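Sequential numbering of the sequence shown, starting at 425, is according to the numbering used here. Below: one structure, written as C-alpha cells.
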Amino acid sequence: MLYQKTISHAVEVKGIGLHTGAPSSITFKPAPPDAGVYFFRQDISGLPSLKASSRNVKATQMATVLGGELFAISTVEHCMSAVSALQIDNLHIEMTGPEIPIGDGSANPFFEGLKKATIIEQNALRRYFVVKRPIYFSQGDKHAYIVPHYGFKVSCTIEFPHPSIGKQKIELEITQDNFEKELSQARTFGFLKDVKALQAKGLALGGSLENAVVLNDEGVLNPEGLRFEDEFVRHKAMDAVGDLTMLGYPIIGHVVLHKAGHDLMHRFVEHLIGQTDCYDIMDLESPLNLNQVFSPLYPKAKLS
Ligand SMILES: [Zn+2]
C-alpha cells in the first residue's frame with residue numbers, strides 16, 4: 425500500500441475492437457516511478473501518447489475515450505479498473521489501433537493479463553487522494569458523492585425499467601480480492617434495439633453475445649445467461665473504478681453513485697479536483713499523516 429508499483433515484464437492482451445470489429449491488441453510494459461499510466465499509439469508515426477487523466481478525456485457517450493488532436497484512445501475504463509484494483513501506478517500501454525480490445529466485455533482479460541506480468545514495488549511512495557470532507561455532485565436524477573472513509577469503497581445503484589434489471593445495488597470495499605471475485609467478470613450490457621441502431625451507423629460492429637450481455641424487451645439473449653444475478657450493477661461499479669482513475673491518484677474515501685455513467689463520472693472527477701478544501705494529496709509513510717485526517721472522525725481508529 426505504501427509504495428508505487430509497476431509490472432516486471434511486458435504482457436500482451438489480444439482481441440477485437442468493439443466499434444471497428446477489427447483485430448486490436450495492447451501490450452502492458454513497465455514504467456518508471458512517478459510516470460503514471462500512458463497509452464501509446466504504435467500504429468501512428470511518432471508513437472503519440474496520452475496520460476490516463478481527466479484532462480485528456482475527450483468523449484464519454486459510449487465509453488471513456490481519451491483524445492489528442494489527431495488520435496483517440498477508446499474504451500479505457502475496463503483496462504483502467506483492472507490497473508486500479510491491482511494498485512499499479514506506473515505503466516506504458518502500447519496499442520495497435522484506436523480501441524482497447526473488448527475481450528469478453530469485462531475487466532477480466534486485463535486483470536488476468538496484468539497478474540501474469542508480476543506486480544513489483546518501486547522505490548517511491550504512493551500518493552493518495554484522501555477525502556477529508558464530503559463532496560457532492562449531481563446532474564438531473566444522477567448523483568455522485570464521496571465521503572471520508574479509511575479505505576476505498578464504492579456503492580452503486582442503478583434503475584432500468586426492464587424485467588431482467590430493475591433496481592440493483594452493490595456496496596464493496598475495493599481490494600484486489602474483492603475486485604477479482606465480485607466485479608472483474610461482470611460484462612458490459614446493451615439492448616438489442618440500441619445495438620441494431622449503432623450498427624446501422626457503423627458502430628459496435630464488433631459487438632456480439634461473445635462480448636456483451638444483450639437484452640431484448642423480455643430478457644437476456646445470451647444462451648449462457650448471466651454470470652451474477654446482478655451482473656449489471658457489478659459492471660457499473662467496475663466501470664466507476666476505472667473512470668475514477670482519471671483523478672490521477674488512488675482514492676481513500678467512499679464513493680456513492682446513483683445512475684452513474686461515463687459522462688457523470690467524468691464530470692464528477694473534474695468537480696472533485698476543484699474542491700481543494702475537501703481533500704489532501706498525501707503518502708501514507710507515516711500513520712501520522714492519516715491520523716491527522718481521520719482522528720477527528722474516528723477517535724478510536726487504530727492505523728497500522
Ligand atoms: Zn463498461
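All residues carry an ideal CB built from backbone N, CA and C; glycine is no exception. Here the structure is a predicted model, which is why all the values come from computation and not from measurement.
Item to check | Alpha-carbon to alpha-carbon, T669 and E604 | outcome: 17 Å
Checklist entry - Do V680 and Y569 have their C-beta atoms within less than 8 Å of each other? => result yes
Next on the checklist: If contacts are defined as beta-carbon pairs under 8 Å, then A741 and H502 qualify, I think. What distance do you get, rounded to the angstrom?
Outcome noted: The structure shown does not extend to residue 741, since the chain spans only 425 to 728, so no value can be given for it.
Checklist entry - Quick one: what's F452 bridged to in DSSP? => result V435 and I517
Checklist entry - Per DSSP, what kind of secondary structure is D701 in: helix, strand or coil? => result helix
Checklist entry - Can you give, in chain order, each stretch of the beta strand (DSSP E) that sits fully within the segment 447-500 and has at least 3 residues? => result 447-454, 461-465, 473-475, 481-483, 489-491 and 496-498
Checklist entry - Taking the DSSP output, what are the residues bridged to Q592? => result I582
Next on the checklist: In whole angstroms, give me the CA-to-CA distance for L515 and E642.
Outcome noted: 43 Å
Next on the checklist: For a test of the three-state rule: what should DSSP assign to G666, helix, strand or coil?
Outcome noted: helix
Checklist entry - Is it right to say Q466 is buried, meaning 16 or more other beta carbons lie within 10 angstroms of its own, or is it exposed? => result exposed
Next on the checklist: I'd like the span of the beta strand (DSSP E) that includes K566, first residue to last.
Outcome noted: K566 to V571
Checklist entry - Count the other CB atoms within 10 Å of the CB of G626; is the residue buried (16 or more) or exposed (fewer)? => result exposed
Next on the checklist: Give the residues whose C-beta lies closer than 6 Å to at least one heavy atom of ligand 1, in chain order.
Outcome noted: E501, H502, T612, H659 and D663
Next on the checklist: Considering only the alpha carbon of each residue, which of G470, I512 and V554 lies closest to A548?
Outcome noted: I512
Checklist entry - Is the beta carbon of T520 less than 8 Å from the beta carbon of S448? => result yes
Checklist entry - Taking the DSSP output, what are the residues bridged to R551? => result D707
Next on the checklist: Is V679 a contact residue of ligand 2, with contact defined as CB to any heavy atom under 7 Å?
Outcome noted: No copy of ligand 2 occurs in the structure displayed; its ligands are ligand 1 alone.
Checklist entry - If E518 sits next to I450, beta carbons under 8 Å apart, how far is it from one beta carbon to the other, in whole angstroms? => result 7 Å
Item to check | Euclidean distance between Cα positions of P472 and I524 | outcome: 16 Å
Checklist entry - What separation, rounded to the nearest whole angstrom, lies between the Cα atoms of Q485 and H686? => result 7 Å
Item to check | Nearest-angstrom beta carbon gap, V507 and I497 [assumed within contact, 8 Å] | outcome: With 8 Å as the limit, I497 and V507 do not qualify as a contact, their Cβ atoms being about 14 Å apart.
Checklist entry - Between the C-alpha atoms of T430 and Q592, what's the straight-line distance to the nearest angstrom? => result 35 Å
Item to check | Residue burial classification, R611 (beta-carbon count within 10 angstroms, cutoff 16) | outcome: buried
Checklist entry - Exposed or buried, A446, counting other C-beta atoms within 10 Å across all chains shown (16 or more means buried)? => result exposed
Next on the checklist: Counting beta carbon pairs with one atom in the segment 684-703 and one in the segment 614-623, are three or more of them shorter than 8 Å?
Outcome noted: no
Next on the checklist: Quick check on DSSP: helix, strand or coil for H659?
Outcome noted: helix
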